[in-house]
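Here's the structure, in structure tokens; my notes come after.
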Amino acid sequence: MTEEKNTTEKTEIKQKELEAAEKTEEHEDPGQLLLSAGETNDYEDKLRLYDKALNLDPLHFDAWLQKGFVLDRLGRSQEALECYNKALEIEPEHLGIKCLKGFAYSNLKEHEKAIECYDEVLKVNSDDIFSLYQKGLVLENLGRYGEAMEAYDRALEVDPTDALIREKRLRLLGLIYKKGTLIDSPDSDFN
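Okay, here's the thing in structure tokens:
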């Protein structure tokens with residue numbers, strides 16, 4: 040009889056612990072979970088906290104954005120794109136997400152899609168330094184040096200003090216001079 044009573048008491052204690060845990064979870068705030076995610080350097084912990092926030096509020100824009108960013112940093116760019124698309128469903132005109140999508144496409148070597156994302160941002164804000172710079176990088180990777188130079192030049196018109204862009208532009212000028220062409224082609228070494 041005592042053994043049965045102990046088992047019943049243990050079951051009741053476990054049940055109360057589960058109920059308390061559920062109540063705590065119900066009262067958690069997605070914003071607080073995002074703050075906690077910002078305090079950890081462990082990407083898996085961040086993802087766990089973002090998922091928890093999204094379980095509480097599936098329309099939490101910042102949770103989708105930050106989860107996408109972390110996934111992209113982990114090399115999971117396809118999953119990042121899915122998060123960015125969810126964020127765009129919530130805020131369709133958000134230019135930052137469109138830039139991040141371009142970055143994710145670039146990581147996936149889908150360069151034309153990356154350029155489309157940057158161009159979409161530049162249609163709305165032609166002075167967006169990040170989009171101009173990233174577009175220049177993608178165009179350079181594609182061997183479209185003239186277009187890359189135009190993107191870097193435009194970025195420097197917006198901010199002539201940006202040392203990184205000036206450095207990239209000078210490096211590209213050296214490459215163009217060495218190859219003797221604005222286009223990277225198989226026969227460019229013969230010019």
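Using this note's numbering, read the sequence shown as starting at 40 and increasing by one per residue.
Even glycine gets a Cβ: it sits at the ideal position worked out from N, Cα and C.
Predicted model, so just to flag it, every value in this text is computed and none were measured.
Should residue i go down as buried or exposed, given a rule of 16 or more other Cβ atoms within 10 Å for buried?
i	result
LEU171	buried
LYS162	exposed
LEU178	buried
ASP111	buried
SER116	buried
ASP167	buried
ALA202	exposed
VAL160	buried
LEU98	exposed
Could you check which residue in the options has the C-alpha nearest to that of residue i?
i	options	result
LEU214	ALA190, GLY182 and GLU196	GLY182
TYR157	ASP96, ASN146, LEU139 and LEU147	LEU139
TYR184	LEU203, GLY219, ASP198 and VAL160	GLY219
ASN146	ALA119, ASP81 and GLU159	ALA119
ASP81	LYS106, PRO97 and HIS99	LYS106
SER165	GLU67, ALA143 and GLU189	GLU189
LYS148	ASN124, LEU176 and CYS122	LEU176
ARG169	HIS150, ASP198 and ASN180	It is worth fixing the name first, because residue 169 is Phe in this sequence and not Arg. Answer by Cα proximity: ASP198.
ALA126	GLY114, PHE108 and LEU113	PHE108
Go to residue i, then tell me how far its alpha helix (DSSP H) extends in each direction, as first and last residue.
i	result
ASN164	No alpha helix (DSSP H) contains ASN164, which DSSP labels as neither H nor E.
LEU127	116-129
ASP111	100-112
ASN80	From DSSP, ASN80 is part of no alpha helix (DSSP H); its letter is neither H nor E.
LEU139	134-146
Rounded to whole angstroms, what's the CA-CA distance from residue i to residue j? Just pull it up for me.
i	j	result
LEU73	ALA92	7 Å
ASP101	LYS217	45 Å
CYS210	GLU128	Residue identity differs from the one stated: residue 210 is Arg in this sequence, not Cys. So the alpha carbons of these two residues sit roughly 39 Å apart.
LYS152	GLY141	7 Å
GLY77	ASP192	35 Å
GLU132	GLU186	26 Å
ASP84	LEU212	43 Å
GLY70	ILE136	19 Å
LEU104	ARG205	30 Å
LEU95	ASP68	8 Å
ILE154	LEU88	32 Å
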